[in-house]
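Each residue of the sequence shown is one higher than the one before, counting from 2 in our numbering. Take a look at the structure below.
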Amino acid sequence: MSLKVSRGTQDFLPRSCKKLDFILRKARAVFEHYAFQEISTPIFENTAVFMQGIGEDTDIIQKEMYTFQDKGQRSLTLRPEGTAAVVRACIEHRLLTSSQKLFYVGPFFRYERPQAGRYRQFHQIGAEYLGESSPYADAELIILAYRLFSSLGLKDLHISINTIGDSSSRPAICALIRDFFTPYHSQLSAHVQQLLRQNPLRILDSKDPFIQTCLERFSGFQSCLNKESLTHYQCVLSLLDLEKIPYKETPFLVRGLDYYTHTTFEICSEQLGAQSAICGGGRYDHLVEKLKGPATPAVGFAFGLERLLTILDQENSFKIDTKPLVVFIPLGIEAEQSCFSYMEQCRKAGIACHRFLGLTKLSQHLKHAHNLNATACVIIGENELQTQQFLFKHMDSGEQSHIPIDQLISTMEAMK
Ligand code: AMP
2 MSLKVSRGTQ DFLPRSCKKL DFILRKARAV FEHYAFQEIS TPIFENTAVF
52 MQGIGEDTDI IQKEMYTFQD KGQRSLTLRP EGTAAVVRAC IEHRLLTSSQ
102 KLFYVGPFFR YERPQAGRYR QFHQIGAEYL GESSPYADAE LIILAYRLFS
152 SLGLKDLHIS INTIGDSSSR PAICALIRDF FTPYHSQLSA HVQQLLRQNP
202 LRILDSKDPF IQTCLERFSG FQSCLNKESL THYQCVLSLL DLEKIPYKET
252 PFLVRGLDYY THTTFEICSE QLGAQSAICG GGRYDHLVEK LKGPATPAVG
302 FAFGLERLLT ILDQENSFKI DTKPLVVFIP LGIEAEQSCF SYMEQCRKAG
352 IACHRFLGLT KLSQHLKHAH NLNATACVII GENELQTQQF LFKHMDSGEQ
402 SHIPIDQLIS TMEAMK
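Below, the structure written as structure tokens:
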């Protein structure tokens, strides 16, 4: 029985939490500029939400869900992705009478083989733009994601973009892929043969080297797309051109989930190695209906915070502003009690302070204050209590001076 952190999960220690907070604050500011509002759904949902939403023959549903029965014999699932849950919430709260621009943040769970950049509990920020079929919505979302990553200081980003057309093009695309792979049928794995029967489009996503070699001879399915799908796609591209957003058309980018239509896209970073995608998204015009809501076109994306942390660490991009912190050092029992009250007064005035309990020597206090990155220390001994003056020590310069007790708060406020 292990008492260590469970496989594929990790602890975020205080420094990492500060970095996550940095990302979240930047992300929230960008979402605000694009008029997206935050939504939060439960960590677990009735299993049917994902079964019906994501598609039964996807990897997520077949292999990766954390599904369990609760004591009332309900089948529940830890959410493996955000879109189906957000759509469920929009239907349930009847939000879809007008268009909705929503974003979410939180942990997600997939039973995957852990490796660099791949966890069983990971965190995503996602955005969903519901109720708009216009290509302007697709373009706005892609640009939003690009601006968000740029605002975090990310460099060397690659946007891959494709269209898989609307649902009326799908039968012709599937037939084309089946025909193309028929001569290779006996060389295909059982899994690929099954995909070929049930969902041929997903074969294009395969990392299998044999499939990759075959696909070098596949000329793509663009010829199966109808005029509306091509017009939609061209409009998205022209809007990206207009804003000078760099992208690469990637004809086999179909993404792993069943619900996509029209635009699919991914944003990758060269710095991530094998798991190079930070962000994935696309249009999903039929998901709301699949979850028994009103016909509602939509487009969305999600990106992973763990991978973003890795890149930002490599690029040294974190600019974490630490707020001033004052460490109080009481020397003697009487000073301890006065300190307690002074600290509460400071906190009420908006000044962060701390005192190390149980330490007696001044040198110990100063060493710990230094490790905590304190801005200043306030030393209170018998002498200070008698003269009603504090010994105020700036940690950076080492300078120290006596200040009257009633000037403590104004001195500290000056440091903010
Ligand atoms: P997806 O929901 O599969 O489209 O993934 C969107 C983004 O979430 C990816 O580009 C990753 O940044 C992140 N992501 C997905 N699965 C994992 C995972 N198992 N571990 C860490 N990040 C993940």
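Backbone N, C-alpha and C define an ideal beta-carbon position, used for all residues, glycine too. Note that the coordinates shown come from a computational prediction; the quantities given were computed from them, not determined experimentally.
How big is the Cα-Cα spacing for SER220 and GLN213?
13 Å
Within 6 Å: the Cβ of ALA36 and any heavy atom of the ligand AMP?
no
Any contact between the region 71 to 90 and the region 40 to 54? By contact I mean 3 or more CB pairs, one from each, below 8 Å.
yes
Does the beta-carbon of LEU14 have 16 or more other beta-carbons within 10 angstroms, so that it is buried, or is it exposed?
It is exposed - the Cβ of LEU14 has fewer than 16 other Cβ atoms within 10 Å.
For the beta strand (DSSP E) holding ALA117, just list the boundary residues, first then last.
Looking at the DSSP string, ALA117 is not in any beta strand (DSSP E), and its letter there is neither H nor E.
Is ARG119 near the ligand AMP, going by C-beta to nearest heavy atom under 6 Å?
yes
Within the chosen definition, does the region 109 to 117 reach the region 254 to 270 through at least 3 CB pairs nearer than 8 Å?
no
Compute the minimum distance between the beta carbon of GLU65 and the heavy atoms of the ligand AMP, and state whether it is under 6 Å.
no
Count the other CB atoms, across all protein chains shown, that sit within 10 Å of the CB of SER168; report buried if there are 16 or more and exposed otherwise.
When all chains shown are included, SER168 counts as exposed.
Does the beta-carbon distance from ASP157 to THR264 come in below 7 Å?
no
Does the Cβ-Cβ distance between VAL31 and SER151 come in under 7 Å?
No, Cβ-Cβ distance for VAL31 and SER151 is not below 7 Å.
Anyone know if the C-beta pair for ILE352 and MET413 falls short of 7 Å?
Yes; because the gap between Cβ atoms is below 7 Å, this pair is in contact.
Can you find the residues in the same chain that come closer than 6 Å, C-beta to C-beta, to VAL50, ignoring five residues on each side of it along the sequence?
ALA85, ARG89
Examine the ligand AMP and report whether any of its heavy atoms sits within less than 6 Å of the Cβ of GLN125.
Yes, since a heavy atom of the ligand AMP falls inside the 6 Å radius drawn around the Cβ of GLN125.
Alpha-carbon to alpha-carbon, GLY359 and ALA375
18 Å
Cβ-based burial, LEU373 [other Cβ within 10 Å; buried from 16]
exposed
Buried or exposed: which applies to SER76, given that a residue is buried once 16 or more other Cβ atoms fall within 10 Å of its Cβ?
exposed
If you count every other CB in all the chains shown that lies within 10 Å of the CB of ASP180, and 16 or more means buried, which is it?
exposed
Measure from the C-beta of LYS19 to each C-beta in chain C and report whether the shortest distance is under 7 Å.
You won't find chain C in this structure, because it holds only one protein chain.
Buried or exposed (CB count within 10 angstroms, at least 16 for buried), THR183:
exposed
Report the CB separation of ILE410 from CYS347 in whole angstroms; it is logged as a contact under 8 Å.
Correct: roughly 6 Å between the Cβ atoms.
Mind checking which residues open and close the alpha helix (DSSP H) that includes GLU337?
334 to 349
I need the DSSP call for PHE13, collapsed to helix, strand or coil.
coil
First and last residue of the beta strand (DSSP E) that includes ALA49?
Boundaries for ALA49: no beta strand (DSSP E) harbours it, while the alpha helix (DSSP H) harbouring it runs 48 to 55, taken from the DSSP string.
Alpha carbon to alpha carbon, how far is ASP206 from ILE24?
30 Å
Per-residue burial, CYS18 [other beta carbons within 10 Å of its own, 16 or more giving buried]:
exposed
Checking the sheet assignment: what are the DSSP bridge partners for LYS249?
Beta-bridge annotation (DSSP): LYS249 is paired with SER161.
Quick one: does the C-beta of ARG111 sit closer than 6 Å to a heavy atom of the ligand ZN?
As far as ligands go, the structure on display features the ligand AMP and does not contain the ligand ZN.
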